[in-house]
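In the numbering used here, each residue's number is its place in the first sequence (first place is 1) plus 14.
Even for Gly, the Cβ is constructed at its ideal location relative to N, Cα and C.
The model shown is predicted, which means the values in this text are computed figures rather than measured ones.
Remarks on the structure that follows.
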Amino acid sequence: MPVAQNARGTRDLLPAQMHARLHVIGLVREVFARYGFEPLETPAFERLETLMGKYGDEGEKLIFRILERGEGGREGKADLALRYDLTVPLARVIAQHADIAMPFKRYQVQPVWRADRPQRGRFREFYQCDADIVGVDSRVADAECLAVASDGLSRLGFTNYTIKLNHRALLRAIVAAAGAADREGEVLVAIDKLDKIGVEGVSEELGRRGFDSAVVARLWEVLAAPADLAAVAAAVGEAAAGPAAELREVLAHAAALGARNVAFDATLARGLGYYTGAVFEAVIHDGGVGSVGGGGRYDGLVGMFSGRQVPAVGVSLGLERLLVVMEERGMLPGIGTRTRALVTRFGAELDAASLGLAAELRAAGLEVEAWLGAPGKLGKQFQYADSRGIPYAVVLGPDELAEGVVAVKTLATGEQRRVPRDQLAEALRG
RNA sequence: GUGGAUGUAGCUCAGCUGGUAGAGUAUCGGUUUGUGACACCGAUGGUCGCGGGUUCAAGCCCCGUCAUCCACCCCA
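Spelled out as structure tokens, the structure:
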């Protein structure tokens, strides 16, 4: 017999979790829709070549590949892969459907797969909630992404979060000013850890990687005040003027749009992969799950598929990490069931009446359940309803039937009253 | 991909220096037939993650493997 165990890094989402998830997804969708983002879904898997060469070496290693069917598969050849994020599939869609009107704003809430080693808030299958604006190279679009992310986090009940903002061109200028333009990636990976391991730690790591101490010293001169855009821009010099001006404009628009907790951070890297302009990253303070969202401008990605340069910017919220923190902090509503009432069955001879009552309530739009065990034994039926978290139980016995009423019992308090049948649906709706 | 810790009923855990498994809880049934949350009785449920090895004997020791968690790496 096979072992009944789910695959590594995956989870079964039981009803109690699903109710909480659907609630959260509903809130996020609502926020996205308020900005005019339209829904989109794409297939779980893509052609392998669609995903290759988009995420950088580290990312590419984590792509789940799908073996070819038939002979090629037996030799280990892959031609398809599970999607790694929602951005590259979007770029593919834009390149493929030339008739999509610009600007195109879409949101997408779907799972992605990464062959990572699982940890707290880190899974191999997880949902991302993306909102992207394609077809306009505007600082307002960048700012809208920050605003929608901020609105989303606020809507879920978070207040202690920060959305860090930086610019890839500014990062490049910073590294160049330090005299390490030829090893940009390594420097970025190191300074990205600044808030975690401090100046000492980053200096040590750069030293270990063989960087000259003069380079490290110049880097700290430029990053003396990493949260101060003006100071960093001034220290870098002329090369920082363009991206710094862009960031100032993004910050101004974001503030006007009501985005909260947006802060410039010169050490935010995210420089690897397809980003070309502004980059963002959202973190919950003391959440213990790393970043809960990220994004940025990727003006070259669509062009990789069609040759047609199409500017784009987007942001992604990580549903699983948000849920981990929300669960821990009691921010999720405890929805055990959506069922409003259990229709009890008094006895076999009254089944037609009871089942008919259930049908009547369902037709009225109520979520009701009929008792599926043996009829009779009302106590058992009440206990079942209460343990399921169903708020009401309705009883249709000979007396009620004769009088044209239904007994409605509130399980939590035990109180019971008789309600005329034509008022029952309204009474249960409460 | 690297290193570390853990793995006993659905859940939370006990199990002495190795002697062929237990509690609480949950589930189901009962305590006689129009009313539950308490109490009492009973039942289901484990090849001790899985596979090898050592031993007369392994849940306890050894190896491998899978999974979970932690630190890296990276990221949502």
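Assigned exposure category for residue i - 16 Cβ within 10 Å defines buried
i, result
"T24", "exposed"
"N20", "exposed"
"I147", "buried"
"I211", "exposed"
"M340", "buried"
"G87", "exposed"
"N180", "buried"
"S401", "exposed"
"K75", "exposed"
"D26", "exposed"
"L346", "buried"
"R431", "exposed"
"E60", "buried"
"T64", "buried"
"R97", "buried"
"L36", "exposed"
"L386", "exposed"
Neighbourhood of residue i by C-beta, 6 Å cutoff - its chain only, sequence neighbours within 5 removed
i, result
"G135", "V303, R335 and V338"
"E198", "V189"
"H267", "R153, V154 and A157"
"Y165", "In the sequence as displayed, the identity of residue 165 is Asp instead of Tyr. Same-chain partners within the cutoff: V45."
"V327", "I147, A155, D156, C159 and R311"
"I349", "H33"
"V408", "A355, V357, V420 and V422"
"A372", "V357, V382 and A384"
"A283", "L202 and D206"
"G403", "G350 and T351"
"D93", "L62 and E82"
"V229", "A192, G193 and A194"
"R274", "S164"
For residue i, the first and last residue of its enclosing beta strand (DSSP E)
i, result
"S305", "S305 to R311"
"G403", "No beta strand (DSSP E) contains G403, which DSSP labels as neither H nor E."
"P434", "Q430 to P434"
"E55", "That residue, E55, is in no beta strand (DSSP E); it is neither H nor E in DSSP."
"A421", "V419 to T424"
"V293", "A292 to I298"
"V276", "V276 to F278"
Reference residue i; option with closest CA among the options
i, options, result
"D226", "V213, G193, A248 and K207", "G193"
"T353", "A399, V123, A388 and T427", "A399"
"S330", "S320, Y141 and A183", "Y141"
"E139", "L100, N174, R169 and D151", "L100"
"L356", "L364, R284, G332 and L442", "L442"
"D144", "E55, G370 and G317", "E55"
"A248", "R223, I80, A195 and A187", "A187"
"R169", "V38, E85 and E63", "V38"
"I118", "A105, E252, E342 and D300", "In the sequence on display, residue 118 carries Phe and not Ile. F118 has its Cα closest to that of A105, out of A105, E252, E342 and D300."
"D413", "G444, R182 and A367", "A367"
"P389", "L410, I404 and F360", "F360"
"V236", "D196, E374, A280 and V276", "A280"
"E429", "L184, F396, A191 and Y49", "F396"
"G171", "L41, L233, L392 and W127", "L41"
"G332", "R343, L386 and W127", "W127"
Residue i: first and last residue of the uninterrupted alpha helix (DSSP H) it sits in
i, result
"D26", "Run containing D26: none; DSSP gives neither H nor E here."
"T64", "L62 to L65"
"V324", "No alpha helix (DSSP H) holds V324; DSSP gives it neither H nor E."
"V17", "From DSSP, V17 is part of no alpha helix (DSSP H); its letter is neither H nor E."
"V264", "A255 to A270"
"E440", "L438 to R443"
"V316", "No alpha helix (DSSP H) holds V316; DSSP gives it neither H nor E."
"A247", "L243 to V250"
Cβ-based neighbour list, residue i, same chain, cut-off 8 Å, excluding 5 preceding and 5 following
i, result
"V216", "A204, I205, K207 and L208"
"L264", "Residue identity check: residue 264 is Val in the sequence provided, not Leu. Closer than 8 Å at the Cβ level, and outside the excluded window around V264, lie R153, D156, A157, L160, L179 and A292."
"A277", "T176, I177, K178, L179 and A241"
"P132", "R22, G23 and R138"
"L380", "R354, A355, A439, L442 and R443"
Cβ-based neighbour list, residue i, same chain, cut-off 7 Å, excluding 5 preceding and 5 following
i, result
"A378", "A439"
"L271", "A157, E158 and A161"
"A30", "G350"
The ligand MN heavy atom lying under 7 Å from the CB of residue i
i, result
"G272", "You won't find the ligand MN in this model; it holds no ligand whatsoever."
* Which full runs of the beta strand (DSSP E) of 3+ residues lie inside the segment 107-178, going along the chain? -> Complete beta strand (DSSP E) runs here, min 3: 118-127 and 139-148.
* Complete alpha helix (DSSP H) runs within the segment 343-383 (minimum length 4 residues, chain order) -> Unbroken alpha helix (DSSP H) stretches of 4 residues or longer found wholly inside the segment 343-383: 365-377, given in chain order.
* **Whole beta strand (DSSP E) elements within the segment 169-238, 3-residue minimum** => Taking only runs of at least 3 residues, the beta strand (DSSP E) segments lying wholly in the segment 169-238 are 175-181.
* Uninterrupted alpha helix (DSSP H) stretches inside the segment 66-112 (no shorter than 4 residues) -> Whole alpha helix (DSSP H) segments, 4+ residues: 70-74, 85-88 and 101-110.
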